[in-house]
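Have a look at the structure below, then the notes.
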Amino acid sequence: MSINHCIYKNLLFIRRQTGFTLLEVLVALVIISIGLLGVAMLQMNGLKNNHSAFYRSQASILAYQMLDSLRANRKEVDSGNYNIKLTDSDPSGSAIYVTDIVNWRTALVRSLPSGKGAIDYQRSTGVARITIQWDDSRGSTGGDTQQFFMETQLCDVGGASCQ
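If you're matching positions, the sequence shown starts at 879 in this note's numbering and goes up one per residue.
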């Protein structure tokens, strides 16, 4: 075997390896691109869940805000003036409870997409239930209505009316 013959065989082997290496690179690119798509989907789902958690936090804050108003104005609460359903329109007038409800519902609309709120106070038990509803679909055609409920027992300062 001459040296030229060995060099010729090595060159043929190198040419074959070149084509095979290109195929390996293409397969690696496909695998990497599938992995990157998976990472992008994880990021997108994480952002969506983060936004849903933000809405739920906003609903919680607004529910506590209304509960504070209920505690501050017990006379009107006991009269049933704060009771309002999700489908009811805002009350009118200049009373404190009207201002509380209108301001609260305005904050719901500003903080939550299609935000609505309801208050149900049962005088016999002293339990107030706050319901907040909003649309969590983020642009999809169907609605994904979410609801947040908070219930508490309203007591007088001395605790005499609590059971």
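Using N, Cα and C, we set each Cβ at its ideal position, and we do this for glycine too.
Beta-carbon proximity check, Tyr999 vs Tyr975, cutoff 7 Å: To locate residue 999, count along the sequence shown from 1; it is residue 121. To locate residue 975, count along the sequence shown from 1; it is residue 97. With a cutoff of 7 Å on beta-carbon distance, Tyr999 and Tyr975 are scored as not near each other.
Coil, strand or helix - Gly958 by DSSP: Position 80 of the sequence shown holds residue 958. In the structure shown, Gly958 sits in coil (DSSP, three-state: anything other than H, G, I, E or B).
CB contact check: Asp956 to chain D, cutoff 7 Å: The structure shown contains no chain D, having only a single protein chain.
Counted within 10 angstroms of its Cβ, other Cβ atoms place Ala941 as buried (16 or more) or exposed: One-based indexing of the sequence shown puts residue 941 at position 63. Buried is the call here.
When Val1005, Ser992, Ser947 are compared against Arg1016, the one with the closest alpha-carbon: Residue numbering aside, residue 1016 sits at position 138 when the sequence shown is read from its first letter. If we check each option's Cα against that of Arg1016, Ser992 comes out closest.
Residue nearest to Ile1010 in terms of C-alpha spacing, selected from Ile979, Gln921, Val903, Gly958: Against the sequence shown, residue 1010 aligns to sequence position 132. It is Ile979.
Same chain only: Cβ atoms within 6 Å of Met1028, ignoring 5 sequence neighbours per side: Your numbering for residue 1028 matches position 150 in the sequence shown. The residues are Ala941, Ile1008.
CA nearest to the CA of Gln1025, picked from Ala996, Ser957, Asp956: Locating residue 1025 in the sequence shown gives position 147, counting from the first residue. Taking the Cα of Gln1025 as reference, the smallest distance to any Cα among Ala996, Ser957, Asp956 is reached at Ala996.
Contact check, Ile1006 vs Leu948, beta carbons under 7 Å: Within the sequence shown, the letter at position 128 stands for residue 1006. Within the sequence shown, the letter at position 70 stands for residue 948. Ile is not the amino acid found at residue 1006; the sequence shown has Ala there. Going by beta carbons, Ala1006 and Leu948 fall inside the 7 Å limit.
Euclidean distance between Cα positions of Thr1003 and Ala931: Counted from its first residue, the sequence shown places residue 1003 at position 125. Counted from its first residue, the sequence shown places residue 931 at position 53. Inter-residue distance for Thr1003 and Ala931 is about 32 Å (C-alpha atoms, whole angstroms).
Sequence-distant residues of the same chain with beta carbon closer than 7 Å to Arg934, five excluded per side: Taking the sequence shown and counting its residues from 1, the one referred to as residue 934 is at position 56. Excluding five sequence positions before and after Arg934, the CB atoms of its chain that fall closer than 7 Å to its own CB belong to Phe1026, given in chain order.
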